[in-house]
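Quick notes on the structure that follows.
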């Protein structure tokens with residue numbers, strides 16, 4: 001099932017590699033003791049190290065190293081016991097040092113992989129080339145003044161992980177699923193909040209196209225994409241642009257491009273043409289980072305359950321379908337909510353309720369799982385009432401709506417509204433008999449082969465009892481009753 | 001031994017290096033800088049005469065490890081000091097000539 005793009009000269013294949021910059025959640029910066037809170041007053045979370053005053057020396061934050069290792073382990077990657085910090089040299093107003101401290105030849109994390117879940121239920125493995133630690137840059141505001149840019153260095157020096165995929169991605173759908181899955185993994189291990197709008201996650205996308213079985217062609221890099229939707233648009237636009245160019249006999253230049261969300265196009269960043277000579281060299285202010293295998297193993301020991309493992313456990317232990325398990329684990333707090341309700345209950349029933357009435361109520365009320373329409377305890381109690389045959393599934397839907405409205409527990413509502421299901425056979429038999437007696441014509445039609453009327457009788461009994469009769473028991477009794485009447489009917493061709 | 005690295009240093013490379021480093025170099029200075037930089041490279045290039053296959057690069061003379069810091073906020077909150085050398089600032093921001101793509 002290879003994804004192809006049709007051109008005038010035949011089919012083309014898309015080749016994409018993605019660099020994700022993920023901000024590490026930490027109290028202080030990678031090489032200084034300044035705070036990292038989002039949205040603080042400009043330049044208040046800046047130390048003399050961040051602003052690169054002479055004589056300042058960087059000292060690395062151990063927590064950030066640990067988080068990079070945890071991420072590497074979560075990506076099933078090789079942890080390099082020796083890694084080296086290097087200076088990446090370029091000039092920009094929001095980079096006071098004149099270089100970014102990054103890692104070049106010797107990153108802290110090597111080859112790994114991410115398993116992505118495709119729309120059709122299949123999975124694909126996307127290779128990870130490397131992960132390295134680096135400093136974030138400051139922020140420039142260009143819209144405050146007609147001839148000046150405003151610079152805020154609060155973000156300058158916050159720890160970033162650059163996670164580089166192999167060029168294994170073959171469609172914009174795969175690109176979306178890759179970034180989504182990566183964010184999910186980062187959230188599961190609590191390394192990054194995965195918030196693209198606040199810039200905690202930013203993507204650079206390398207796009208090229210080729211004919212089937214060809215070597216890779218020249219790629220264009222699209223920088224600083226801050227939403228998954230824009231990323232997908234940028235990839236599709238860029239693929240089309242390159243195919244059109246090749247088919248008109250033109251060449252593609254290796255260059256940096258920007259995506260413009262206003263018109264959905266990418267355009268060349270001319271200023272970057274000569275800037276890609278970063279003259280990396282090992283940072284003389286920082287010794288190589290050396291780790292012991294014991295240290296790495298101890299971190300691995302404490303790694304929490306990851307999305308793929310959780311999905312597998314949901315399938316194995318709760319006997320859920322792969323589809324259901326995927327949906328539940330796609331948000332950590334949803335999976336947590338599910339597990340707290342499913343404890344000691346029928347998991348499939350809990351899952352159906354969460355995907356059904358619960359999910360639609362959440363959507364209708366624009367709530368999130370952290371502020372659910374009903375609590376996990378109350379949803380569990382409702383499911384217990386169904387399971388114990390206290391109420392039918394049908395009545396439960398009504399109770400659920402009342403729970404949302406009133407905030408009362410399902411048991412309270414069932415008692416108040418007298419919704420308790422009738423399971424007493426004698427009582428049900430009386431109702432059944434009275435309905436059959438008052439519908440003798442219909443009963444005869446039924447005996448003459450109009451089977452559908454069975455549903456009519458059920459409906460009539462339910463109507464007469466406000467739906468409080470247990471449908472399973474009702475079906476049994478009704479069937480039995482009709483059978484015994486049929487015997488009489490066959491003997492006499494008449495009903496009494 | 002490959003001598004291409006320093007032999008290939010020409011005027012264009014020097015102009016490019018100067019531009020990347022944002023150092024103004026006058027046209028009549030270039031010849032002498034080509035010569036000086038070539039001399040430096042040649043000097044360093046002597047190291048290539050030693051066979052360093054399978055030798056781990058020595059990064060530090062003393063037996064030291066990279067010092068680590070705990071993740072605690074100990075610095076910052078000193079905007080006046082941070083902005084003290086800024087040629088222009090406003091409302092807590094540095095102001096620079098507009099740089100926009």
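Chains as they are written, first to last, in the working numbering: chain A, 1 to 496; chain B, 1 to 101. By construction, the Cβ of each residue, glycine as well, lies at the ideal position given by its N, Cα and C atoms.
Secondary structure of residue i, DSSP reduced to three states
i                      : result
residue 323 of chain A : helix
residue 186 of chain A : helix
residue 104 of chain A : coil
residue 82 of chain A  : strand
residue 21 of chain A  : strand
residue 260 of chain A : strand
residue 64 of chain B  : coil
residue 14 of chain B  : helix
residue 351 of chain A : helix
residue 149 of chain A : strand
residue 208 of chain A : strand
residue 471 of chain A : helix
residue 13 of chain A  : strand
residue 90 of chain B  : strand
residue 119 of chain A : coil
residue 410 of chain A : helix
Within-7 Å CB hit, residue i to chain B
i                      : result
residue 180 of chain A : no
residue 254 of chain A : no
residue 60 of chain A  : yes
residue 91 of chain A  : yes
residue 43 of chain A  : yes
residue 3 of chain A   : no
residue 200 of chain A : no
residue 115 of chain A : no
residue 27 of chain A  : yes
residue 21 of chain A  : no
residue 287 of chain A : yes
residue 35 of chain A  : yes
residue 205 of chain A : no
residue 51 of chain A  : yes
residue 32 of chain A  : yes
residue 336 of chain A : no
residue 46 of chain A  : yes
residue 283 of chain A : no
Test: residue i CB closer than 7 Å to a CB of chain A
i                     : result
residue 80 of chain B : no
residue 43 of chain B : no
residue 52 of chain B : no
residue 34 of chain B : no
residue 37 of chain B : no
residue 11 of chain B : no
residue 14 of chain B : no
residue 6 of chain B  : For residue 6 of chain B, the predicted model reports a pLDDT of 48, less than 50, meaning its position is unreliable and no value from the coordinates is stated.
Buried versus exposed call for residue i [16 or more other C-beta atoms within 10 Å across all chains shown]
i                      : result
residue 414 of chain A : buried
residue 230 of chain A : buried
residue 67 of chain B  : exposed
residue 365 of chain A : exposed
residue 50 of chain A  : buried
residue 358 of chain A : buried
residue 497 of chain A : One cannot answer for residue 497 of chain A here, as it falls past the ends of chain A, which runs 1 to 496.
residue 297 of chain A : exposed
residue 1 of chain A   : Only weak support exists for where residue 1 of chain A lies, its pLDDT of 45 falling under 50; the coordinates are left without a value.
residue 132 of chain A : buried
residue 451 of chain A : exposed
Near the ligand SAM: residue i beta-carbon under 6 Å from a heavy atom
i                     : result
residue 69 of chain A : The model depicted lacks the ligand SAM and carries no ligand whatsoever.
Meets three-Cβ-pair contact criterion under 8 Å: the segment 7 to 19 of chain A and the segment 164 to 175 of chain A: Counting C-beta pairs with one atom in each stretch, the segment 7 to 19 of chain A and the segment 164 to 175 of chain A have three or more that are closer than 8 Å, which means they touch.
Touch test, the segment 95 to 109 of chain A against the segment 27 to 45 of chain B, Cβ-Cβ under 8 Å, three pairs minimum: no
Three or more C-beta pairs below 8 Å linking the segment 197 to 213 of chain A and the segment 231 to 250 of chain A: yes
Near-chain A residues of the segment 16 to 28 of chain B - C-beta to any C-beta below 7 Å: 20, 22
Residues in the segment 45 to 74 of chain B having any Cβ partner in chain A nearer than 7 Å: 59, 60, 64, 65, 66, 67, 68, 69, 70, 71, 72, 73, 74
Inter-stretch contact (C-beta, 8 Å, three-pair minimum) for the segment 56 to 64 of chain A and the segment 20 to 36 of chain A: yes
Under 7 Å (Cβ pairs) to chain B, residues found in the segment 289 to 312 of chain A: Correct list: 289, 290.
The segment 386 to 402 of chain A contacting the segment 425 to 438 of chain A, beta-carbon criterion three pairs below 8 Å: No, because fewer than three Cβ pairs between the segment 386 to 402 of chain A and the segment 425 to 438 of chain A fall closer than 8 Å, the two stretches do not touch.
Validate contact between the segment 407 to 421 of chain A and the segment 463 to 475 of chain A using beta carbons, cut 8 Å, 3 pairs: Between the segment 407 to 421 of chain A and the segment 463 to 475 of chain A, the count of C-beta pairs closer than 8 Å reaches three or more; the two stretches touch.
The segment 305 to 320 of chain A in contact with the segment 183 to 192 of chain A per 3-pair CB rule at 8 Å: yes
Chain B contacts from the segment 124 to 153 of chain A (Cβ-Cβ distance under 7 Å): Of all residues in the segment 124 to 153 of chain A, only 140, 142, 147, 148, 149, 150, 151, 152 place a beta-carbon less than 7 Å from a beta-carbon of chain B.
The segment 83 to 93 of chain B in contact with the segment 130 to 137 of chain A per 3-pair CB rule at 8 Å: These segments do not touch.
Stretch pair the segment 243 to 262 of chain A + the segment 279 to 295 of chain A: three plus CB contacts closer than 8 Å: no
Inter-stretch contact (C-beta, 8 Å, three-pair minimum) for the segment 32 to 50 of chain A and the segment 116 to 130 of chain A: no
Three or more C-beta pairs below 8 Å linking the segment 159 to 166 of chain A and the segment 214 to 224 of chain A: no
contact_flag[the segment 349 to 356 of chain A, the segment 326 to 341 of chain A] where n(CB pairs < 8 Å) is 3 or more: yes
Any 3 or more C-beta pairs closer than 8 Å across the segment 361 to 380 of chain A and the segment 398 to 415 of chain A: yes
Sufficient close CB pairs (3 or more, under 8 Å) joining the segment 147 to 155 of chain A to the segment 44 to 59 of chain A: yes
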